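Have a look at the structure below before the remarks.
In UniProt numbering, the protein residues as written are 1 to 222.
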């Protein structure tokens, strides 16, 4: 599955994977100030999985995208969707957003599921490698362009097939996947991340700011 977003922050083919695309279109003024394609997060599943684990992995991937974009002040829908699919005990409040210093963001990342294993209580742990390619590039209001500096990282969400209420208080008509937590992976040493994610790394692993769109070279008439 492939998802395109305007991010709030930060493919080689392995096994079968579906492809869907959703676009976030920048406003006209934003396109003039920052004439680059919007930041894109793509998702796929890199290993063969039985249907139940594959469904869990796809749900976890979709949630990992919303987890990254839910703090975007211009994307309330991602936060609403995320809270409607996460358990109350896992809904940890984020820090308030910092000052709005960015004009725009471009580049891309790949969230790739590289494993999934069943746990008790209809729970599945999904291992996601997040590849920063071609990278996140942000233009600040002072004219500087800054980029992310972590080429890849690991996230291990825990998702459960359950009818329990979500963090926003909604209760489903029947069981569905619910994000119930994560296995700690934020502080994994770089060597462990590489050992886990290098075998599934997309090639070529590009880390370069995209070229501007045609809007950059357009000359106003008059």
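Note that beta-carbon positions come from the ideal geometry of N, C-alpha and C, so glycine has one too. None of the values given here were measured: they were computed from a predicted structure.
Pairing residue 69 with residue 80, the inter-Cα distance amounts to about 11 Å.
Classified as buried, residue 135 has 16 or more neighbouring CB atoms from the shown chains inside 10 Å of its CB. Of the residues assessed, residue 208 falls on the exposed side of the cut-off, its CB having fewer than 16 other CB atoms within 10 angstroms. In terms of Cβ geometry, residue 109 and residue 133 form a close pair [threshold 8 Å].
Under DSSP, the beta-bridge partners assigned to residue 182 are 157. If you compare the alpha carbons of 76, 71, 102, 191 with that of residue 92, the shortest gap goes to 71. Every beta strand (DSSP E) of 3 residues or more that sits fully in the stretch 105-167 is shown, in chain order, as 123-140, 145-147, 152-162. In summary, residue 85 is buried, with 16 or more beta-carbon neighbours lying within 10 Å of its beta-carbon over all protein chains present.
Counting along the chain, the unbroken alpha helix (DSSP H) around residue 67 starts and ends at 51-69.
By the Cβ criterion, the stretch 41-49 is in contact with the stretch 108-125, since at least three pairs of Cβ atoms, one from each stretch, lie closer than 8 Å.
For residue 79, the enclosing alpha helix (DSSP H) starts and ends at 76-83. CA-to-CA, the gap between residue 39 and residue 56 works out to about 25 Å. Contact between residue 205 and residue 129 is absent: CB atoms are separated by about 12 Å, not below the 8 Å threshold.
Classified as exposed, residue 149 has fewer than 16 neighbouring CB atoms from the shown chains inside 10 Å of its CB. In the DSSP assignment, residue 40 falls within the beta strand (DSSP E) that extends over 40-45. In the DSSP assignment, residue 102 forms a beta bridge with 140.
Nearest neighbour of residue 102 by Cα position, chosen from 125, 111, 131, 141, turns out to be 141. When the Cα atoms are used, residue 181 and residue 87 turn out to be separated by approximately 8 Å. Judged by their CB atoms, residue 126 and residue 156 are nearer to each other than the 8 Å cut-off. Between residue 202 and the set 58, 131, 75, 90, the nearest pair of CA atoms involves 131. Taking residue 183 as the centre and dropping the five residues before and after it, the same chain places the C-beta of 125, 156, 158 closer than 7 Å to its C-beta, in chain order.
Under the 10 Å beta carbon count, residue 78 is surrounded by 16 or more other beta carbons and is classified as buried.
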